[in-house]
Every structure is written in C-alpha cells, then in structure tokens.
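To start, the structure under review is shown below, and the notes come after it.
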Ligand SMILES: [Zn+2]
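Residue numbers (my numbering): -13 to 421.
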C-alpha cells in the first residue's frame, strides 16, 4: 500500500482539488479522502509526502515507433519520402530483436521521465520490444503494421504476421501482461489493397484495434487520389472495410471534411503529432476542425527519429501554440481539452476504460508533478500552468498499475547507464555496416 499524504490532484473534470490523501492499494486508486479522515495510517504503508505536488492521470502517447530512438538524429533535413527511402528503411533492415530491445528501453526511459504510462506503437522485431516492456512494467498497445505489394506473397507469410502471432501468443500465455495486441497497416502507399484486406480479415478474426498512418503528407494524400479513382486515403480504407474495427489514425494532416465525417461515424480516433509534422515539413493538421466534427483526438510524438524527443508534455504545448497561431484564435484548444487528449482519450482509445482518470476504483496509472519550482509559480489556473509552463523536469513520479517506475530521477526497473552504453554500441555497429 502506498499513501500520497497531503497532496493535490486534478479530478475527472481537471478541477484542482487541494490537500487530500490518496491511497494506492494493489493496482488501483483505493481511496481519496480529506487528510483528517486518514489520521491513522495503516501499518506497512509507504507514505509519500505530497507537499507542493499534484497527482494527474498518467499520459498516453498515442503514436510512436519506440525503438526508433536508435535512429535519433540520423537522416536530418529530408522530407518524409526521402527520409524513409534513403535513410530509415536501409538502417531498419539491419536491426534485430536485441537491437529493438535496447532501443525500446531507451524510449521507455524517456517516457517514464516525462510521465507517460502507456503508448500505442508500430514497429518490428517484436520479441525485443515485448521483452523490454515486460521488464519495465509500462503499458502498451503494440502492432507490427503490414506492408507489401507482392501478389505472390500472402500476408500470413510476412514478418509482420509472424510478429503479430508472437504478440497474440504472448498476451494469451501471460494473462497479467500490460500489453494489448493491436493490428496495423503502415499506410496506403506501402501496401496493396490485397494486403490490407488480408490484414483486416486477421484483425476481425482476433478482434484487434487497427493502427494506421493516414494522410500525413500532401504528396501521400494526392497520390492516393490518383491511384484510387479520386478517393482519399480515408475513403480508400473505408471502402476496404477497415473501419469495421476500432482504428487509431496517426497524423491526418490532410484529411478533408468528407474524411472527418467517415472517421466520426465509425468512432475512429485521430492522433495529432505536431512536432513530427513540422520537422518533416509535412504541414499543419487542422485539429480545431477535428474537434468541430466531434472526432476523438489524442496526442503522439511519433518516433524519436522525426521529433526528436518523446516528451509528450512538449507535444501538448506545441499543439496548443501552433493551432492558436495558425488559426489566429487564442481560444482554440483549451487546457482541459488538451489534458483530456493527453490522458482519458488515450486510455479509452486503447481500450483501457479503467484508466485515465484520478478516481477511486480506477487503475493507479498516474504522474506526480512538482509545483515547487520557478516555472510553476504562481498558480492562477493549474491546468494552464501544466499545459504552458510544465516540462519533464517537473515530473517527480510515474506510476503504472500501482507500481512506482520512476521517482525523483531514478528508475526502479531500468539500468539507464547500461541502456545508453548498449545503444551507442548498436549505433557504431550499424554505421560501420552502412558506410
Ligand atoms: Zn509514425
């Protein structure tokens, strides 16, 4: 049992509630009470002093490629297509499961230090990723998205399928796992309709959420229309039946109003990745319009090779600033809308309906921020300070399912020094092969 004593928290409407005791028992938030109620602390409880601290729901990073930390800073100054074809794909071809293990651990270190408790990820060499996540204790929805055009090779003969089977077997044989198996389609431009149809059949058979890249660049969006009788990527995937399953759609920079209608009507989720969209020169998503259509919206960092960090707090701040400047509307994206995208929307999109809110009975997936720092004082409105003033140096503690994974700069399940050594070894080995 852990008790946060005399601590503040943000309730489900992001109201600032001051000075309570929060009891964590097993994996859940057992009790939230005014501190006078818990004068008698149960014996053997770990007491954490909450003075000048606030508890928030843990953050959900809804679009990542976590082992791409290995490629952080590699392939700079290119647009998406050149970046993928000239730099990223040749490097990735050299990676094995040991490499993705170390790359994942580096990414998870960054997640935990910046308050992320769960993420939705697309990547390959799945055994290494799963091993790192299982050792660390963070939550994740994983897929290895299908790619391919060769009519002679079936989806069930691809590496993506092998990784998906590995994931499904792992989840089945580890009922306590925090990993959820998703399915994925990399993008319209990296697979044929036949592959997408086979992937859909697989997702329907196992009832899996489908993660996709969608309308990330103008080039992709317009080329799709040329290839498919004027249909946008959203219309193309809708016609193939992909939206029968819950879909997590990354980017959506060029989605049109007719696309937003389709997305909304199928209760699909759009994930906004402003840093990656800016860095690759892809453009500006119209997030205000997504919200006007009532589309559930989340935030993501994308991979560390196109961001180049995984701090979701920075992503939230950037999303707010860019949208306001772009639309010349300072009212666009309120602090509570942004915090909801960062927390509850992600949890429900991943199918984790018992997470994303600080409330009795919910999973103890939470972050504690330090308020006793120059950048967080004074406080007129706490949600505003969190969106515009906070950064990862304010993250004091990150907890997943009641387990402290990060506290005061220290990891409980990761040996960061070893991870940094191994990642640099991998970098040197791959560069020698590529030169
Ligand atoms: Zn991506």
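Every residue gets a Cβ at the ideal spot worked out from N, C-alpha and C, and that includes glycine. Note that the structure is a prediction, hence the values are computed from the model and not measured.
Contact between residue 106 and residue 149 does not hold, since the beta-carbon distance rounds to 15 Å and is not under 8 Å. Per DSSP, the beta-bridge partners of residue 284 are 257. Residue 59 is classed as exposed because its beta carbon has fewer than 16 other beta carbons within 10 Å across all chains shown.
The region 50 to 69 and the region 82 to 100 touch, with three or more beta-carbon pairs separated by less than 8 Å. For residue 207, the enclosing alpha helix (DSSP H) covers residues 204 to 213. With a cut-off of 7 Å, the C-beta of residue 36 is classified as distant from ligand 1, since no heavy atom of the ligand falls inside that distance. Check the Cα spacing between residue 420 and each of 231, 81, 113, 191: the tightest is with 81.
For residue 54, there is no enclosing beta strand (DSSP E), since its DSSP letter is neither H nor E. For ligand 1, a non-hydrogen atom lies closer than 7 Å to the CB of residue 236.
By the neighbour-count criterion, in which a residue is buried when 16 or more other Cβ atoms sit within 10 angstroms of its Cβ, residue 260 is buried. C-alpha of residue 44 to C-alpha of residue 251: approximately 28 Å in a straight line.
When C-beta atoms of the region 8 to 17 are compared with those of the region 346 to 365, three or more pairs fall below 8 Å, so the two segments count as touching. DSSP, reduced to helix, strand and coil, places residue 240 outside both helices and strands of the structure shown, so it counts as coil. In the three-state reduction of the DSSP assignment, residue 252 falls in the coil class. One alpha carbon belongs to residue 83, the other to residue 115, and they sit about 7 Å apart. Between the region 218 to 230 and the region 241 to 250, the count of Cβ pairs shorter than 8 Å is three or higher; the stretches touch. Here residue 385 carries a strand assignment [DSSP, helix/strand/coil]. Between the alpha carbons of residue 205 and residue 375 lies a distance of about 36 Å.
In the DSSP assignment, residue 279 falls outside any beta strand (DSSP E), carrying neither H nor E. Annotated three-state conformation of residue 122 is helix, per DSSP. By the neighbour-count definition (other C-beta atoms within 10 Å, threshold 16), residue 139 is an exposed residue.
Here residue -12 is not near residue 18, since their CB atoms are 8 Å or more apart.
Annotation for residue 153: the continuous alpha helix (DSSP H) segment containing it runs 145 to 159. Annotation: residue 228 to residue 235 spans about 11 Å, alpha carbon to alpha carbon.
Straight across, the Cα-Cα distance linking residue 396 with residue 360 is about 22 Å. Apart from the 5 residues on each side of it in sequence, residue 268 sits with its Cβ closer than 7 Å to the Cβ of 66, 202, 203, 239 in its chain, given in chain order. The three-state reading of DSSP puts residue 218 in coil, since its state is none of H, G, I, E or B.
For residue 312, the CB contacts under 6 Å within the same chain, skipping 5 residues up- and downstream, are 270 in chain order.
DSSP, read as helix, strand or coil, puts residue 349 in strand. Comparing alpha carbon positions, the residue from 137, -8, 13 closest to residue 346 is 13.
Our two residues, residue 125 and residue 372, have alpha carbons roughly 23 Å apart in a direct line. Residue pairing by DSSP places residue -10 opposite 8, 34 in a beta bridge.
DSSP lists 11, 349 as the bridge partner or partners of residue 14. Linking residue 289 to residue 70 through their CA atoms gives a straight-line distance of about 12 Å.
For residue 70, there is no enclosing alpha helix (DSSP H), as DSSP marks it with neither H nor E.
Looking only at 96, 72, -9, the smallest Cα-Cα distance to residue 401 is reached by 96.
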